[in-house]
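Written out below as structure tokens is the structure these notes cover.
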């Protein structure tokens, strides 16, 4: 953290904000403020230059056309790449997970080059994954079950430089490209360097406060005091119970 105020970026919310994922930045800011840390949410539009000086970056989901616009933006600018080189934390959700990879295949069968900062590729599954997604985290620093809502048609394959975020207990997660054999163990997300990416909407950080605190801890470089927000534990328990009873 370079200043006394934690600056949390929401990148291109007009094209990567279809499912309310911009709320992840609000969760980060509020959890920081409740610990006495000044925090500011910075919106960076599609036509704006992406600064390399923010403390945390967030990316959300989007439809096919919006996703292509975001991919083109990332290929033409270097601000986010410089921020990642400096190990600034980045949370990416759904479509932006795909855009950060080497390439993804769109609904027309065209292969769209991505930013190449995640060692992943994405192809259509042949069906859409829609519903609750529950995972057991495999990322160091996380111990609590991860939950979210998935809505995507892509099957994402991780290369050797990327690791998954969690092992799927219920739902689809990264899925399987059409025509390939589904793995015995399913995973969600991709983790590489300072990037944490997942297919979980929700917003994800509203559902998973431990993940929010991990991003804050990485950004501030210090241990965080415990934070109890009334109702959060109850809501998480209710959500998990509903999934298990379905």
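Residue numbers (my numbering): 939 to 1184. No residue lacks a Cβ here, since even glycine has one placed at the ideal position from N, Cα and C.
Roughly how many angstroms separate the alpha carbons of residue i and residue j, rounded to a whole number?
i            : j            : result
residue 1103 : residue 1084 : 9 Å
residue 1111 : residue 1088 : 8 Å
residue 1081 : residue 999  : 25 Å
residue 1131 : residue 1022 : 8 Å
residue 1015 : residue 1140 : 29 Å
residue 1107 : residue 1149 : 18 Å
residue 970  : residue 1046 : 42 Å
residue 955  : residue 1183 : 31 Å
residue 1024 : residue 1153 : 15 Å
residue 967  : residue 945  : 9 Å
residue 1122 : residue 1176 : 28 Å
residue 986  : residue 1179 : 43 Å
residue 1001 : residue 1136 : 16 Å
residue 950  : residue 1120 : 33 Å
residue 1090 : residue 1171 : 28 Å
residue 1161 : residue 1146 : 18 Å
residue 1079 : residue 1181 : 24 Å
residue 1067 : residue 980  : 31 Å
residue 989  : residue 948  : 11 Å
residue 1163 : residue 1155 : 10 Å
In the structure shown, what three-state DSSP assignment does residue i receive?
i            : result
residue 1126 : strand
residue 1059 : strand
residue 978  : strand
residue 965  : helix
residue 1182 : helix
residue 948  : strand
residue 1158 : helix
residue 1046 : coil
residue 1174 : helix
residue 970  : helix
residue 1067 : strand
residue 1085 : strand
residue 956  : coil
residue 1094 : strand
residue 1074 : strand
residue 1164 : coil
residue 1052 : coil
residue 1100 : coil
residue 988  : coil
Measure the CB-CB distance between residue i and residue j and report whether it falls below 8 Å.
i            : j            : result
residue 1062 : residue 1013 : no
residue 1058 : residue 1004 : no
residue 1109 : residue 1076 : no
residue 1019 : residue 982  : no
residue 1138 : residue 1126 : yes
residue 937  : residue 1074 : Outside the displayed range of the chain (939 to 1184) lies residue 937, so it cannot be described from this structure.
residue 1143 : residue 965  : yes
residue 1017 : residue 1060 : no
Stretch-stretch touch, CB-based, cutoff 8 Å, three pairs: the region 1158 to 1170 with the region 1036 to 1044 | no
Determine contact between the region 991 to 999 and the region 1013 to 1030, defined as no fewer than three beta-carbon pairs at a distance below 8 Å.
-> yes
Flag this pair as touching only if the region 1009 to 1021 and the region 972 to 981 have three or more C-beta atom pairs under 8 Å; answer yes or no.
-> no
Touch test, the region 1113 to 1122 against the region 949 to 960, Cβ-Cβ under 8 Å, three pairs minimum = no
At 4 residues or longer, and completely inside the region 997 to 1037: list those alpha helix (DSSP H) runs for me, N to C.
-> 1002 to 1014, 1017 to 1023 and 1033 to 1037
Unbroken alpha helix (DSSP H) runs of length 4 or more, entirely within the region 1107 to 1153: which are they?
-> 1142 to 1145
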